[in-house]
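Residue numbers (this note's numbering): 1186 to 1412.
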């Protein structure tokens, strides 16, 4: 055993420069390398959607809207340039819709390209709002037409109470009509992976260097002793 220790000491003395240099070089590489390589980032754009209220079974339902927004027909309308089925499928995967309440939804889209992240979500939100506004306007026009027709209609004294009650209900419905809207919009950058800090990588590099040096000095002597 003493002979092994003596030989190990000789090997350390003989190779002391490399034993010291390897941990230092690997430690420096661990610290410097991360600063020279740009971290890959992903971006998430978010829109908070306040759902409209005009008695539409799909556009006024927080349960149906997520299905609508992820449907092929809607995405092809919102993103006409995305004609490849694989691209549409990828957009579906990156699009997240979360129900916050009975009248609020959070739409979020994530991608490594910031401009694409914002443009895709903006196209989806804008298309929904455009269609929603059209449906809202149609519903509002029907109610307004009914009010105008009823106000211009002559009725008997016996029917006046019913007329006033019906007018009140129509006007109350008209006041409560509401189109959808975006209440909040933001883009947040996220560093993908959450890797080690330069200092931690430097320490890891030193530890690896010491391990290599140990193996270089000690293991050959044990093999020599075995044989």
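Ideal Cβ positions, reconstructed from N, Cα and C, are used throughout, including at glycine.
Just curious, the alpha helix (DSSP H) that residue i is in, first and last residue?
{"i": "residue 1347", "result": "1345–1361"}
{"i": "residue 1264", "result": "Per DSSP, residue 1264 belongs to no alpha helix (DSSP H) and is neither H nor E."}
{"i": "residue 1342", "result": "That residue, residue 1342, is in no alpha helix (DSSP H); it is neither H nor E in DSSP."}
{"i": "residue 1251", "result": "1249–1254"}
On a CA-only basis, which of the options is nearest residue i? Give me that one, please.
{"i": "residue 1180", "options": "1286, 1255 and 1201", "result": "Residue 1180 lies beyond the stretch modelled for the chain, which goes from 1186 to 1412, so this question has no answer here."}
{"i": "residue 1299", "options": "1229, 1390, 1316 and 1250", "result": "1229"}
{"i": "residue 1279", "options": "1288, 1190 and 1303", "result": "1303"}
{"i": "residue 1388", "options": "1214, 1271, 1356 and 1197", "result": "1214"}
{"i": "residue 1295", "options": "1281, 1350 and 1333", "result": "1281"}
{"i": "residue 1325", "options": "1358, 1252, 1365 and 1195", "result": "1358"}
{"i": "residue 1161", "options": "1319, 1233, 1266 and 1267", "result": "Nothing can be reported for residue 1161: it is not among the residues displayed for the chain, which extend from 1186 to 1412."}
{"i": "residue 1333", "options": "1321, 1343, 1349 and 1257", "result": "1349"}
{"i": "residue 1292", "options": "1266, 1383 and 1366", "result": "1366"}
{"i": "residue 1311", "options": "1339, 1191, 1340 and 1370", "result": "1370"}
{"i": "residue 1297", "options": "1385, 1226, 1251 and 1329", "result": "1226"}
{"i": "residue 1217", "options": "1386, 1393 and 1397", "result": "1386"}
{"i": "residue 1335", "options": "1231, 1352, 1306 and 1346", "result": "1352"}
{"i": "residue 1231", "options": "1393, 1306 and 1392", "result": "1306"}
{"i": "residue 1393", "options": "1207, 1269, 1258 and 1337", "result": "1207"}
{"i": "residue 1250", "options": "1316, 1384, 1329 and 1212", "result": "1316"}
{"i": "residue 1241", "options": "1267, 1321 and 1287", "result": "1321"}
{"i": "residue 1383", "options": "1199, 1194 and 1212", "result": "1212"}
Quick check on the burial criterion: 16 or more other C-beta atoms within 10 angstroms. Buried or exposed for residue i?
{"i": "residue 1404", "result": "exposed"}
{"i": "residue 1399", "result": "exposed"}
{"i": "residue 1390", "result": "buried"}
{"i": "residue 1204", "result": "buried"}
{"i": "residue 1327", "result": "exposed"}
{"i": "residue 1276", "result": "buried"}
{"i": "residue 1257", "result": "exposed"}
{"i": "residue 1236", "result": "buried"}
{"i": "residue 1252", "result": "exposed"}
How many whole angstroms separate the CB atoms of residue i and residue j, which I take to be in contact at a CB cut-off of 8 angstroms?
{"i": "residue 1309", "j": "residue 1254", "result": "6 angstroms"}
{"i": "residue 1361", "j": "residue 1246", "result": "Not confirmed; about 17 angstroms, so no contact."}
{"i": "residue 1273", "j": "residue 1260", "result": "5 angstroms"}
{"i": "residue 1318", "j": "residue 1364", "result": "5 angstroms"}
{"i": "residue 1314", "j": "residue 1331", "result": "Contact flag wrong, Cβ pair sits at about 26 angstroms."}
{"i": "residue 1433", "j": "residue 1402", "result": "Residue 1433 lies beyond the range of the chain shown here (1186 to 1412); nothing can be said about it."}
Taking the continuous beta strand (DSSP E) assigned at residue i, which residues delimit it?
{"i": "residue 1227", "result": "1226–1235"}
Mind pulling the beta strand (DSSP E) runs of 3 or more residues that sit fully within the segment 1270–1330?
Entirely contained in the segment 1270–1330, the beta strand (DSSP E) runs reaching 3 residues are, in chain order, 1280–1284 and 1289–1296.
Let me know the alpha helix (DSSP H) ranges lying completely inside the segment 1198–1222, each 4 residues or longer, listed in chain order.
Correct list: 1201–1221.
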